[in-house]
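Asks:
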Amino acid sequence: MKIIPKNGIEKLIFGMKQNDVTGLYGKPDRNYKDEDDNVIFAYNKLKMRLTFYIEEDFKLGYIVASSPELELFGFKLINRKISEVKKDLATKGITKFTQEEFDTFENYFNEENWIIFQTEFDEVVKFEIGAIINQKDEFDWKFGKK
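Residues 117 to 262 (this note's numbering) make up the sequence shown, in order.
1. Near Asp145, what residues of its chain come up, given a Cβ to Cβ distance below 7 Å and the 5 sequence neighbours on each side ignored?
2. Around the C-beta of Ile249, are 16 or more other C-beta atoms found within 10 angstroms, so that it is buried, or is it exposed?
3. Taking only three categories from DSSP, how would you classify Gln134?
4. What residues in its chain sit with their C-beta under 8 Å from that of Arg196, if we drop five residues either side in the sequence?
5. Nearest by alpha-carbon distance to Gln134: which of Thr214, Ser182, Ile194 and Tyr178 is it?
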């Protein structure tokens, strides 16, 4: 499953609507609303949770994934040491990370690409990617653009 920085994962492109996603992947295993009334789709087989933002006309704006098939620039992410992943990404110019700690978890956030690597016990266990916010402080929706 190829991660496309600033765009999404595989065929999931930021800006898609719920019917675009169900057209590709079928009905989600879970469909619920979060505390902000955003719509969440969860796909067990894909190991992905998708967030459609209420304030953005329910466009896909955030993806949380934990599939071992995830690849960024051809590099696998899940179940690998964060030090190895960061070394791989440095070869592609991604070197700036803000680090946060929560109990046994650590998050490594790269704002330029709006990606987060969540680690536990020094291994990547989860990956998050969000739609980019442009200079006008608006989402830069990629779906439907050429």
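Note that the Cβ used here is the ideal one computed from N, Cα and C, for glycine as well.
Replies: Taking the coordinates as given:
1. Closer than 7 Å at the Cβ level, and outside the excluded window around Asp145, lie Ala158, Tyr159 and Asn160.
2. Residue environment for Ile249: exposed (fewer than 16 other C-beta atoms within 10 angstroms of its C-beta).
3. The answer is helix: DSSP assigns Gln134 an H, G or I state.
4. Excluding residues within five positions, the ones whose Cβ falls inside 8 Å are Glu239 and Val240.
5. Measuring from the Cα of Gln134, the nearest candidate turns out to be Tyr178.
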